[in-house]
Amino acid sequence: MDHRGTGRSTLLQCSAMNAYSFLGSIIDFSEVAGCVQEVLTQIDGHTAAFSITSAAKDIHLLVSTLNANENVFIYGAGYGTYLAERVMHLAPVNVKGYALDGVVSERQGNFAHYFSNSEEAGLAKQLLE
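Here it is, written out as structure tokens:
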């Protein structure tokens with residue numbers, strides 16, 4: 003299953019992510035506000051459709067409809083563990099178990115906190131050398 007915005011679904015893009023941006027396909031912080039506005043226009047302001055909860059509801063619907071009379075086990079690796087954890091909250095009755103590999107917790111669902119202090123940054127530098 004492709005998470006929205008990956009694989010066969012459509013990636014959200016903005017014109018700041020093109021060759022004319024001074025950083026190329028990487029947007030600079032000064033370009034973020036314009037990029038957000040452009041993406042909101044593309045999706046007509048329907049941000050809920052691109053949330054982890056919406057993706058979990060998709061999985062719940064698929065499991066409950068296509069596998070209604072079967073025991074289902076959900077496996078998630080890395081970011082998939084975050085998605086599987088959200089599916090747990092929806093509690094599909096036919097899901098009998100979950101396997102989580104490399105847990106990304108809902109409490110810290112982004113990676114902004116990683117290597118945020120100088121000690122951890124020093125460790126990261128040592129690992130890279």
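Going from the sequence shown to my numbering is simple: count from 1 and add 2.
We treat Cβ as the ideally placed atom computed from N, Cα and C, and that holds for glycine.
Remember, predicted model here, so these are calculated numbers, not experimental data.
Close CB contacts of Y81 within its chain, under the 7 Å cut and outside five residues either way in sequence, are with V106 (chain order). A distance below 8 Å separates the beta carbons of S66 and P94. For V97, the uninterrupted beta strand (DSSP E) segment begins and ends at 97-103. For G78, the enclosing beta strand (DSSP E) covers residues 74-79.
Nearest C-alpha to K98 among A57, N71, F75: F75. If you draw a 10 Å sphere on the C-beta of I45, you find fewer than 16 other C-beta atoms in it, and that means exposed.
Around the C-beta of Y77, fewer than 16 other C-beta atoms lie within 10 Å, and the residue is accordingly described as exposed.
Here G47 carries a coil assignment [DSSP, helix/strand/coil]. Within the model, the alpha-carbon separation for N73 versus Y100 is close to 12 Å.
Taking C-beta separations shorter than 7 Å and ignoring five residues to either side along the sequence, the partners of L102 in its chain run G78, T83, A86, following chain order.
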